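First the structure, in the form of structure tokens, and then the observations on it.
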Amino acid sequence: MLNGYTALFATCLAPAGRLADRYGRRRLFLAGVAVFTVASAACAAAPSIGLLVAFRAVQAIGAALVMPTSLALLLTAFPPHRRPADPILVAGLSLAPGPLVAVVPVSVLGGRFVHRFGPG
Numbered sequence: 051m052l053n054g055y056t057a058l059f060a061t062c063l064a065p066a067g068r069l070a071d072r073y074g075r076r077r078l079f080l081a082g083v084a085v086f087t088v089a090s091a092a093c094a095a096a097p098s099i100g101l102l103v104a105f106r107a108v109q110a111i112g113a114a115l116v117m118p119t120s121l122a123l124l125l126t127a128f129p130p131h132r133r134p135a136d137p138i139l140v141a142g143l144s145l146a147p148g149p150l151v152a153v154v155p156v157s158v159l160g161g162r163f164v165h166r167f168g169p170g
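Next comes the structure, spelled out in structure tokens:
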């Protein structure tokens, strides 16, 4: 499931950037957020592993629409003198706390969290 998401996400990044240039960054960003959100809800409700994998693939497409457009929108929203020195570094560092924050419910609630929200 993880490899499929990563492979599809990486495959869709360049075409998503080209689509954003053609149809508008804001439009594609909003479409990507919508696709990712709906696919996330579908993942949560997936009744089988097969559907979960399919919905994760749709999530990857939504994420690929969001990623190139988000940085482009930020760079055009701020004048050069107000931008951080390295926007890619700032974006990368902002992603670091996510996995750490996700571990807290599992660590605190232990098996109850996994049993209630985990697979099967």
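Take any residue in the sequence shown, count from 1 to its spot, add 50: that is its number in our numbering.
Beta carbons: idealized from backbone N, C-alpha and C, even for Gly.
Computed from a predicted structure; not experimentally measured.
Between the C-alpha atoms of A110 and P130, what's the straight-line distance to the nearest angstrom? Distance between the alpha carbons of A110 and P130: 31 Å.
Can you tell which of L121, A113, F128 and P147 has its C-alpha closest to the C-alpha of T61? The candidate whose alpha carbon is nearest that of T61 is A113.
Short of 6 Å in beta carbon distance, which residues of its chain neighbour T119, apart from the five on each side in sequence? Order them along the chain. Closer than 6 Å at the Cβ level, and outside the excluded window around T119, lie A70, R75, L78 and F79.
Collapsed DSSP secondary structure at G74 in the structure displayed: Coil at G74, not helix or strand.
Going by C-alpha to C-alpha distance, which of R68, F105 and A89 sits closest to A122? The residue with the shortest Cα to Cα distance from A122 is R68.
Taking Cβ to Cβ, would you say A96 is nearer than 8 Å to F86? For the 8 Å CB-CB criterion, A96 and F86 do not form a contact.
How many angstroms separate the CA atom of P147 from the CA atom of Y73? Spanning the two alpha carbons is a distance of roughly 33 Å.
Residue range of the alpha helix (DSSP H) that R118 falls in? The amino acid at residue 118 is misidentified as Arg; the sequence shows Pro. DSSP places P118 in the uninterrupted alpha helix (DSSP H) bounded by I99 to A127.
For A96, three-class secondary structure by DSSP: The answer is coil: DSSP assigns A96 none of H, G, I, E or B.
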